[in-house]
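Asks:
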Amino acid sequence: MNKEIAALLILLIPFIGAALVPFINMVSKKIVPYFAVLTGLLSSVIAFMLVSSGAEGVEISIPWLPGFFSAGFILDPVSLAPALIATWIGFLVLVYSLGYMKDEENLSRYYSATLLFIGAMAGMSMADNFISLFFFWEVMGVCSYLLIGFFYLDAKAADAGFKAFLTTKIGDIGLLAAILLLYRFTGTFNIAENLQLSVNIAFPALSIIAFGFILGAVGKSAQVPLHVWLPDAMEAPTTISALIHAATMVNAGVYLLARVHPILVQVPAAAHTVMWIGVLTALLGSFLAVFNNDLKRILAYSTVSQLGYMIFAIGMGGIFASQFHLFSHAIFKALLFLCAGAVIHGIHTRDIREMGNLKKYMPLTAVCFSIGVLALMGIPVMNGFFSKDLILEVAVEEKMWLPLALAVTAAMLTVFYSVRTTWKVFFAKQTNEKHAHEAPFSMLLPLILLAAGTLFSWILIGRITLAWEHAGYNIHELSWSELLKETFGSHAFLYTMIALLAGIGLFSIRKPIGRALNTNAAGFMRLAGTGLGFDLVYGYLIHAILKTGEAIRYFWDEKVMEGLNKITGQFTIWLSRMFCKLQTGDLHWNLVYILIALIIIIVTVVW
43 MNKEIAALLI
53 LLIPFIGAAL
63 VPFINMVSKK
73 IVPYFAVLTG
83 LLSSVIAFML
93 VSSGAEGVEI
103 SIPWLPGFFS
113 AGFILDPVSL
123 APALIATWIG
133 FLVLVYSLGY
143 MKDEENLSRY
153 YSATLLFIGA
163 MAGMSMADNF
173 ISLFFFWEVM
183 GVCSYLLIGF
193 FYLDAKAADA
203 GFKAFLTTKI
213 GDIGLLAAIL
223 LLYRFTGTFN
233 IAENLQLSVN
243 IAFPALSIIA
253 FGFILGAVGK
263 SAQVPLHVWL
273 PDAMEAPTTI
283 SALIHAATMV
293 NAGVYLLARV
303 HPILVQVPAA
313 AHTVMWIGVL
323 TALLGSFLAV
333 FNNDLKRILA
343 YSTVSQLGYM
353 IFAIGMGGIF
363 ASQFHLFSHA
373 IFKALLFLCA
383 GAVIHGIHTR
393 DIREMGNLKK
403 YMPLTAVCFS
413 IGVLALMGIP
423 VMNGFFSKDL
433 ILEVAVEEKM
443 WLPLALAVTA
453 AMLTVFYSVR
463 TTWKVFFAKQ
473 TNEKHAHEAP
483 FSMLLPLILL
493 AAGTLFSWIL
503 IGRITLAWEH
513 AGYNIHELSW
523 SELLKETFGS
533 HAFLYTMIAL
543 LAGIGLFSIR
553 KPIGRALNTN
563 AAGFMRLAGT
573 GLGFDLVYGY
583 LIHAILKTGE
593 AIRYFWDEKV
603 MEGLNKITGQ
613 FTIWLSRMFC
623 KLQTGDLHWN
633 LVYILIALII
643 IIVTVVW
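Going by the working numbering, the sequence shown opens with residue 43, and the numbers climb by one from there.
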C-alpha cells in the first residue's frame, strides 16, 4: 500500500467512523459497538503495515494553504510507536468495551469520542508540522474531557473532566507560545525545518521556546506540578483510563519532548529541568501510590511515576530508552487497567481493602494482572524490565548519581505498592461477602493478548533498534540475545535487583511500619492519602486569585467607574449652570455674544 494513502487512512478511518456512529445509532444501537470495533481493527491493521516504512524516515508532504504551510506526515520510529500503540490498544479497548460497557446509556457518544481520540493520537504523533500537531493535541484534550465526564450526572465525574481540561490547558498555553515563537524566528511550522533552523535562534528566545515545550509536556503527561488531574481522571470508565490515561494520551508529552530534543540540548538548563521533573515525578508518583487504597488511583499514580521515568530519560539524552519504555509501559499498564476493570466489574468496588482472594473467582484475571505487575516491578524477563533497565543504564553512563538514587528509590516503592496491591486484591483473606465472577470472553481476550505482549514484546528489540539506526538516530542494531547479555551484565541490573529486594523486604515488614506511622504520623498518613496536599494548595491559590479578581472588579466598578459617573454628572450640572448665566434675556447682550462668536469664526477661518 502507498505510504501516503496508508498514513491518511490511519487518520481518516477513525474520524469517519466517529462521524458515522451517531447515524448508525439511529438505525440500530446494537450495531454501534461492533461497527466501532471493526473501525478500530482496520486502522490498527493499516498502522501495523505502515510500521515497516518507519525504518526509512519517510516524510510525506501535502500542500495546504499555499504560501503558509504544507500538511504532511513524518514516519519514523519516534512517530510510528505512539501511532501503533494508539490504534492497537484502542482496538483492544473497543473489544473489551463490548462486555464492559454493554449496559451503559449513551454508547454512541462513548464510541464516537473514543474513535475520534484514536485518530487524533495517531495524527498528533505522525504530524510533520506544529499546526497539525497542535490541532490533534487539542482534539485529544477535548476527547479526554468528554470521556472523563462520560457519567456526567455524577458530579465527581463532571468535576474531574473540567479539572483535567483546565489543568492541561496550562500546558497547552506553553506549547502554543513555543510554536508561535519558533515561527516568529524561523518562518515555518515544519518540525524538521524548525529543528534545523533552531541553531540560529538567540539563546534567550530559544530558552523560552524550550521551556514552553516543557510546560506543554508537563501538562499533558501529568508531571509535577501539573500531575493532579490524572488521579481524578479515574472517574472515567476504566476502558478510557486504560486507553487515554495510561497507554496513549499521557504519552503525548513524552513524544513531544523526544521530537523537540534537538532544541532542548541547546539549552542545558532546559534539559536538566526535564531530567529533574522526570525523576521527582517518578518518586512522587510511586510514593503516593503506596498510601492509596483505590485500585484505579493506585494505577493512576503508578502511571504518573512511569511517565516520570520516560521524561527522566529524555532529560539525560536517552531518547531510545524513553521511547522503548513508552512502548513497554503502554502494553503492561493497559493490561493492568483492563484487569482492574474486570475486578471492578466483578465485585463492584474500587477499594482494595474490600477485596481479597479474588484468584478463587477470577483466576485468569489474577494471572494476567500478576504478569502486568511483574512488568511494572521490572522483573526479568518482562518487557518492563528491559526498558526500565535501559533508563537506569543511561543514568549510570551520564554519572547522574543523585537522580539515579532517586530513581532506584522510586523503583523500590513501585515494588512495594505492586506487591501490596496484588496481595490485597487476589491473595489476602476475603473481606467482601459478595462473590466475584470472571469477566466475559470479550473482556478476557484483550487481557490475554496484552499479557502475551507484556511477556514477549521485548523480543522485537532487533527490529526496533534497526528502525532507529536506519532513521538516522545514534543507535546500533541490537539483537535480543545481545540485549540479554548487555542487560544482565550491566550496573543498572544490579540497581534493579537492589530495588526489587528492598521493595519486597519493605512489604514483609509493612505491618509494624504501618502501626508506627499510624501512631506517630497519622496526620502525614492522611495528607499522603490525599496527594500530599497539592489540591489543597491549588485550591487556596485559586481562591486567592478569585478573591483578588473580585477585589479588583469591585474597586474598578464601584470606585473608579462609579466615581467617574458621579464626576461626569456633577461636571455636566456645573457646566449647564454656567451656560444658564449667559442666558440673561437681554437682547443687547445676546447680540454681543453673536458678534463675538462671529469674530471668532472669521479669525479661525482666516488664520
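Virtual Cβ for every residue (Gly too), placed ideally from N, Cα, C.
Where does the unbroken alpha helix (DSSP H) through M419 begin, and where does it stop?
Replies: That run of the alpha helix (DSSP H) goes 405-419.
Asks: Using a Cβ distance threshold of 8 Å, determine whether the stretch 446-457 contacts the stretch 376-395, with at least three qualifying pairs required.
Replies: Verdict: no, contact absent.
Asks: Along the chain, which unbroken stretches of the alpha helix (DSSP H) at least 4 residues long are found entirely within the stretch 427-469?
Replies: Taking only runs of at least 4 residues, the alpha helix (DSSP H) segments lying wholly in the stretch 427-469 are 443-464.
Asks: Round the Cβ separation of A264 and V292 to the nearest angstrom and send it over; I've been treating them as touching at under 8 Å.
Replies: The pair is a contact, with the Cβ atoms about 6 Å apart (cut-off 8 Å).
Asks: Can you tell me whether Y537 is buried or exposed? The criterion is at least 16 other CB atoms within 10 Å of its CB, across all chains shown.
Replies: Buried, by the Cβ-count rule.
Asks: Roughly how many whole angstroms lie between the Cα atoms of V579 and L542?
Replies: About 34 Å.
Asks: What's the gap between the Cα of P56 and the Cα of I555?
Replies: Each residue's Cα considered, the two are about 50 Å apart.
Asks: By the three-class DSSP mapping on this structure, what secondary structure does L195 have?
Replies: L195 falls in the coil class under three-state DSSP.
Asks: For my contact list, N399 and K471 are in at a C-beta cut-off of 8 Å; report their separation, rounded to the angstrom.
Replies: Contact flag correct, Cβ pair sits at about 7 Å.
Asks: Is V307 buried or exposed, if buried means 16 or more other CB atoms sit within 10 Å of its CB?
Replies: Looking at its Cβ environment, which holds fewer than 16 other Cβ atoms inside 10 Å, V307 is exposed.
Asks: Should the stretch 229-249 be regarded as contacting the stretch 305-320, the criterion being three or more beta carbon pairs within less than 8 Å?
Replies: Flag = yes, the stretch 229-249 and the stretch 305-320 touch.
Asks: Is F133 closer than 8 Å to G82 when the C-beta atoms are compared?
Replies: It is a contact, given that the beta carbons lie within the stated cut-off.
Asks: Consider the C-beta atom of E146 and the heavy atoms of the ligand MN; say whether any pair is separated by less than 7 Å.
Replies: You won't find the ligand MN in this model; it holds no ligand whatsoever.
Asks: Report the three-state DSSP secondary structure of D336 (helix, strand or coil).
Replies: In the structure shown, D336 sits in a strand (DSSP, three-state: E or B).
Asks: Where does the unbroken alpha helix (DSSP H) through T290 begin, and where does it stop?
Replies: Unbroken run through T290: none, as it is neither H nor E.
Asks: DSSP three-state call for D599: helix, strand or coil?
Replies: D599: helix per DSSP, three-state reduction.
Asks: Under three-state DSSP, which class holds N44?
Replies: Looking at N44 - three-state DSSP - the assignment turns out to be coil, as it is neither helix nor strand.
Asks: According to the neighbour-count rule (16 or more other Cβ atoms, all chains shown, within 10 Å of its Cβ), is C381 buried or exposed?
Replies: Label assigned to C381: buried.
Asks: Quick one: what's got a C-beta closer than 8 Å to H269's C-beta in the same chain, skipping five residues either side?
Replies: Closer than 8 Å at the Cβ level, and outside the excluded window around H269, lie T323, L326, G327, V346, F576.
Asks: Express the C-alpha separation of T156 and S429 in angstroms, rounding to a whole number.
Replies: Each residue's Cα considered, the two are about 28 Å apart.
Asks: State the DSSP-derived secondary structure class of H512, mapped to helix, strand or coil.
Replies: Confidence in H512 is poor, its pLDDT being 43 and thus under 50, which makes the residue's placement too unreliable to answer from.
Asks: Of the choices Y459, L489, G420, V648, whose alpha-carbon is the least far from that of M539?
Replies: Here the closest residue by C-alpha is G420.
Asks: Rounded to the nearest angstrom, what separates T230 and A355 at their Cα positions?
Replies: T230 and A355: Cα-Cα distance of roughly 29 Å.
Asks: With distances taken Cα to Cα, identify the nearest neighbour of A313 among N335, V63, L195, A259.
Replies: Of the candidates N335, V63, L195, A259, the one whose C-alpha sits nearest the C-alpha of A313 is A259.
Asks: Bridge partners for L80 per DSSP, in chain order?
Replies: According to DSSP, which records beta bridges pairwise, L80 is partnered with nothing at all.
Asks: Classify I243 as helix, strand or coil using the three-state DSSP reduction.
Replies: The answer is coil: DSSP assigns I243 none of H, G, I, E or B.
Asks: Across the stretch 479-499 and the stretch 138-148, are there enough close Cβ pairs to call them in contact, namely three or more that are closer than 8 Å?
Replies: Enough Cβ pairs lie closer than 8 Å, so yes.
Asks: Quick one: what's got a C-beta closer than 7 Å to I66's C-beta in the same chain, skipping five residues either side?
Replies: So the list reads I73, V74, F77, once near-sequence residues are dropped.
Asks: Just tell me which of I88, D118, Y153 has its CA closest to the CA of L129.
Replies: Checking the sequence, you will find Thr at residue 129 rather than Leu. Selected option, being the one with the closest Cα: I88.
Asks: What three-state label does DSSP hand A639 in the structure shown?
Replies: Three-state result, A639: helix.
Asks: If I measure Cβ to Cβ from I251 and keep anything under 6 Å in the same chain, skipping five residues before and after, which residues do I get?
Replies: Counting only Cβ-Cβ distances below 6 Å, and skipping sequence neighbours, we find A220, L223, L224.
Asks: Kindly say whether K262, judged by its beta-carbon, lies nearer than 8 Å to any beta-carbon of chain C.
Replies: Annotation note: the requested chain C is absent from the structure, which comprises a single protein chain.
Asks: Beta-carbon within less than 7 Å of N334's beta-carbon, same chain only, minus the 5 sequence neighbours each way: which residues are those?
Replies: Excluding sequence neighbours, N334 sits near I340, Y343, G571.
Asks: Could you give the DSSP three-state label for L117: helix, strand or coil?
Replies: The answer is strand: DSSP assigns L117 an E or B state.
Asks: Using the C-alpha atoms, what's the distance from A384 back to T407?
Replies: Taking the straight line joining both Cα atoms gives about 7 Å.
Asks: Where does A169 fall in DSSP's three states?
Replies: Here A169 sits in strand by DSSP.
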